[in-house]
Each structure stands twice: as structure tokens, then as C-alpha cells.
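In UniProt numbering, the protein residues as written are 1 to 358. The beta-carbon is built from N, C-alpha and C at its ideal position, and this holds for glycine as well.
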């Protein structure tokens, strides 16, 4: 990895913090690998060496991303240390790191909580506490930050956006009949169809392998690897997917750049490519579909997974079926997607309406 010299401009306290973060990540990394299935141990040994000699905060963050892509998912929570480093450099003027006090740290956490979910904040606080405990234990800083009894204000719960059945029908019809004009439009069309018709997560689409999509009579059967490598199957009508899928699989650009084991990942970056730009294509389909006030929906791909869940439940009234289709481990997650809270509230209102009308 090419080294950067950005750390040369760091003040003494900032340099101390960087070294502490690096050493803590090295410490945690050696324990995380034992408990996580990694894809390439040779690569992980190389990353371990790079971590220990890293001298730049940006390079350190890149190394953490590389470790995450190798299968060590828990390192993602180290993100809070990079956020704190940025906050420390911009807002805290202390000459020595040991002059940092708990109030400064709590102020950082409350600023962060304005943009993060409560569950995420609980994990962030845990990692921050572990970090400063590590500094006390190994570098004798004597911070002894407790960080206890911190209560973050709960954000207003907004129901996830979803297309109503009329708008969803218009969008799907427009998408299926849209004539693609480029290789990337062929790719984007396929990605959207898989999410809308199969309820896949974005990450599941990018991890979909060629061998795991099979045509059987009138359906495509998809073997999906979801969260925690939990497998499930999705069935999509042949007539809705075949033409678009064939156009992408036979596309010359895909055959030259994407012809690996995955359907949508480039062959040379099977483990690192996790996203692509598709929002402009979503916007184009919205505009062509004639849906009124489509801007209220946004262009995020998860919108269509929400819409899939809402439609499946509306037609089946089976929360277990819907949960399995989404690959959820908990029914409580599914309830958020299918907006049952609103249904229950309406049922409560109707009970009193019936009582008074008798």
C-alpha cells in the first residue's frame, strides 16, 4: 500500500491518538480473526503486517475496509474511532492526549447520536470504552472513563417508504418494457428487477453468483446468501426476468469486464465491489412511468425491498411467509417493513367505532 505523509502535520496530541487507535485496532484484529471466517488467510497476514507499520490515518481506514472485505465484519465498528479522530482534530485543542477529559468524549458521542441509530450508538460507546480501557492498561494514561448512564434521545420513528400497489405496478411495467441503451442500463435494469421481484438486499444482489441462478420450467430459482451467510431461495417468473437477464449476460462489456463467478461484480474485484451508481436510472424509470409525486419516494434501492415486502404481506396476510421471503431472522424486523403498527392502530379505532354504532 502506498504510504501518505499526512500525519507529518499532526500535533503531538493528534499523533498520540493516532498511534493509540492503530495499536488498538491491531490488538482487536488479532482476536477478531480467530472468531471470524476469513476468505484468504494469506491476504489477512499481509494486512496484519500493514496494520502494524501503518503511519497514516487514511491508510489505516483503508486497511480496515480491506479487512472487512475479507470477512472480518466486526471491524466495521472501528468506524467510531475514525470519527472520533476527525472530531478530535477539528474541535479539541489539547496539547497532550492525557489532558482529554470524559466531558469532551461525551460531547462527541452526543453530536454523533444526532445522525446515528440508538442501537449503533450503544455499540459505538462500547468500542470507545474498550479503546480508552486499552490505553489505560497498555499505555498508562489513567483516563478511567466510565461512560455509564448515557441516554441518547430516540429519533422519531419514520415508517420506511414504499410504493403503493398502483405505483409499484406502473414502475414494474415501465421497467420491464424499457429498452436499454447501454451496458450499464442493462445491468441496472437486472439489478432493479431482482430487488423488486425477489426482495433481495443490495448486498445480496452483488453477491449473487452465476451458478446460483437456475431456470426451472417457468421460474428462475435464486439461491441467496443473506446476512450471516443464511441461505434462502427466491422464485421469479421467467417471463418477467428472462429477456433482461439474457441481455445483460450476453453483453460484450459484461463478458470483457464482469465475466467472473458473480453476475454483477467485476471479475478483478470480486471481494471489494459492493455498490454501483443506479439512482439516475431509477429516476429515469420513475419519470417514464407517469407516477405522480414520485420524488416523495427517493431513489434508494431499499425502497423496492420495502415495496416487495408490503405487497407480499398485503396479498398473503402471512407474516411468516413474508419474513422468510425477506430472509429475516426475527419477525419484529418484518413488522417494520409491512407497517403492521398502522394496521393495529386502525383495528383499535374500528373496535370503538363498532361499539358506538351498535
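Mind checking which residues open and close the alpha helix (DSSP H) that includes residue i?
i           : result
residue 302 : 302–316
residue 195 : 183–198
residue 174 : 165–177
residue 94  : No alpha helix (DSSP H) holds residue 94; DSSP gives it neither H nor E.
residue 119 : 118–139
residue 50  : 41–53
residue 148 : Where residue 148 is concerned, there is no enclosing alpha helix (DSSP H), given that its DSSP letter is neither H nor E.
residue 114 : Taken as a continuous stretch (DSSP letters only), residue 114 belongs to no alpha helix (DSSP H), as it is neither H nor E.
residue 250 : From DSSP, residue 250 is part of no alpha helix (DSSP H); its letter is neither H nor E.
residue 322 : 319–326
Suppose contacts are defined by Cβ-Cβ distances below 8 Å. Is residue i in contact with residue j by that definition?
i           : j           : result
residue 168 : residue 307 : yes
residue 299 : residue 320 : no
residue 14  : residue 64  : no
residue 224 : residue 231 : yes
residue 191 : residue 264 : yes
residue 189 : residue 244 : yes
residue 83  : residue 51  : no
residue 183 : residue 254 : yes
residue 249 : residue 197 : no
residue 110 : residue 17  : no
residue 102 : residue 171 : no
From what residue to what residue does the beta strand (DSSP E) around residue i run?
i           : result
residue 216 : 213–216
residue 219 : 219–225
residue 236 : 231–237
Which of the three DSSP states is assigned to residue i in this structure?
i           : result
residue 360 : Outside the shown range of the chain, which is 1 to 358, sits residue 360, and nothing can be said about it.
residue 273 : In this predicted model, residue 273 has a pLDDT of only 45, less than 50, meaning its place in the structure is not dependable; the value taken from the coordinates is given anyway. If DSSP states are grouped into helix, strand and coil, residue 273 belongs with coil.
residue 262 : strand
residue 142 : coil
residue 9   : helix
residue 209 : strand
residue 59  : helix
residue 334 : helix
residue 35  : Here the model assigns residue 35 a pLDDT of 49, short of 50, so the residue's position is not dependable, and the following value carries that caveat. Here residue 35 sits in helix by DSSP.
residue 161 : coil
residue 202 : helix
residue 280 : helix
residue 228 : helix
residue 292 : coil
residue 14  : helix
residue 20  : helix
Based on Cα-Cα distance, which residue from the options lies nearest to residue i?
i           : options            : result
residue 237 : 222, 251, 231, 301 : 222
residue 44  : 30, 57, 56, 323    : 30
residue 23  : 173, 311, 135, 93  : 135
residue 314 : 130, 162, 105      : 162
residue 131 : 107, 79, 253       : 79
residue 262 : 334, 211, 47       : 211
residue 376 : 206, 231, 11, 83   : No information on residue 376 is available, as it lies outside the stretch 1 to 358 that the chain covers here.
residue 142 : 126, 113, 110, 98  : 98
residue 227 : 201, 240, 182, 243 : 201
residue 229 : 243, 220, 203, 235 : 203
residue 40  : 70, 140, 325, 302  : 70
residue 327 : 250, 277, 195      : 195
residue 47  : 301, 182, 67       : 67
residue 309 : 325, 295, 296, 297 : 325
residue 165 : 291, 76, 26        : 291
residue 133 : 150, 20, 193, 296  : 20
residue 302 : 114, 205, 17       : 205
residue 246 : 220, 72, 329       : 220
residue 76  : 208, 140, 28       : 28
residue 72  : 58, 25, 115        : 25
residue 74  : 214, 124, 96, 333  : 124
residue 180 : 233, 129, 251, 150 : 251
> Mind pulling the beta strand (DSSP E) runs of 3 or more residues that sit fully within the stretch 63–107?
Replying inline: Qualifying beta strand (DSSP E) stretches: none in this window.
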